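For what it's worth, this note's numbering labels the leading residue of the sequence shown as 1, then goes sequentially. Here is the structure we will look at, set down as structure tokens.
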Amino acid sequence: MSGPGPAGRAAAELDATIAGIEHRLAAWAAEAGAALAALSGKVTGTAVDKLIRPVVEELVQLPDGYAAGAGFIANAGLLGPGRSYIAWWQGPDLEPVDALANFSPNSISRYVKAEWFRIPVETGQAHVTGPYVDFLCSDEYVLTFTHPVFTRPDGPVAGIVGIDVTVQRLERGAMPALRRIGARATLVNADGRAVVSAAPDIDAGDLTAPEAPCTHYSVGRTFTVWSDAAGL
Numbered sequence: 001m002s003g004p005g006p007a008g009r010a011a012a013e014l015d016a017t018i019a020g021i022e023h024r025l026a027a028w029a030a031e032a033g034a035a036l037a038a039l040s041g042k043v044t045g046t047a048v049d050k051l052i053r054p055v056v057e058e059l060v061q062l063p064d065g066y067a068a069g070a071g072f073i074a075n076a077g078l079l080g081p082g083r084s085y086i087a088w089w090q091g092p093d094l095e096p097v098d099a100l101a102n103f104s105p106n107s108i109s110r111y112v113k114a115e116w117f118r119i120p121v122e123t124g125q126a127h128v129t130g131p132y133v134d135f136l137c138s139d140e141y142v143l144t145f146t147h148p149v150f151t152r153p154d155g156p157v158a159g160i161v162g163i164d165v166t167v168q169r170l171e172r173g174a175m176p177a178l179r180r181i182g183a184r185a186t187l188v189n190a191d192g193r194a195v196v197s198a199a200p201d202i203d204a205g206d207l208t209a210p211e212a213p214c215t216h217y218s219v220g221r222t223f224t225v226w227s228d229a230a231g232l
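Written as structure tokens, this is what we have:
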């Protein structure tokens, strides 16, 4: 539900922020799939890096952007049976993430169970994981937006592209809008866990519930803003 007035306009700002991340990721997935399909011969890690790194550089260096890190992880089969490949960088200095995994013959096993990899691969749909503490990259609370990559419309999932957004960075952009919605306005994920809250007693990852009277505002594909939330 959305409505007119200052609160509705503030919620629309939050929706535009999250939807902007989702739309950019979807476009990148399509671009990456087309570029991989156009490669001649066997796909190599070097070729993947050349395709992915320039986009990551653009994303993480945007002055007003939300990406703390981004990249691509190959599904088994793209570079060889049972092999994965990670082309992921973090921060404005483009620090490589988990690059040593690319030298492991069982590299796919490092990611196959991770929610941010497993669900897009299994469903063929975009997914958002979090908020969770990202021990692999930033050691901060993050949201990881991931999208499957296809090299042909009917094909298997070739891999995933993803964008890491730290809760701290999102909070800086979202808090003014949340406060215009209400003193206890809270952005929550599909499970009701808080991402960012105007309420001082609600932290990222806390399980919450709407508290009457509460207005619900849809934000992006899967998030909601509750105008009044309580921690559980």
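All residues carry an ideal CB built from backbone N, CA and C; glycine is no exception. Since this is a predicted model, take the numbers as computed values, not measurements.
For threonine 151 against proline 120, the beta-carbon gap comes to about 15 angstroms, at or over 8 angstroms, which does not count as contact. DSSP links leucine 143 through a beta bridge to Val165. Every alpha helix (DSSP H) of 4 residues or more that sits fully in the segment 2-57 is shown, in chain order, as 5-38.
Glycine 41 and glutamate 58 have their C-alpha atoms spaced approximately 28 angstroms apart. Counting along the chain, threonine 208 sits inside the beta strand (DSSP E) bounded by residues 208-210. For threonine 44 and arginine 110, the gap between their C-alpha atoms comes out near 19 angstroms. In the three-state scheme derived from DSSP, where H, G and I count as helix and E and B as strand, isoleucine 202 is classed as coil. Three or more beta-carbon pairs separated by less than 8 angstroms are not found between the segment 24-32 and the segment 179-196, which leaves the two stretches without contact.
Among the bridge pairs identified by DSSP, alanine 230 is matched with Ala209. Comparing C-alpha distances from glycine 80 to each of Ala158, Ala35, Ala34, Ala38 shows the shortest one belongs to Ala158. A direct Cα-Cα distance of roughly 6 angstroms separates glutamate 171 from valine 196. About 6 angstroms separates the CB atoms of alanine 209 and glycine 192; that is less than 8 angstroms, so the two are in contact.
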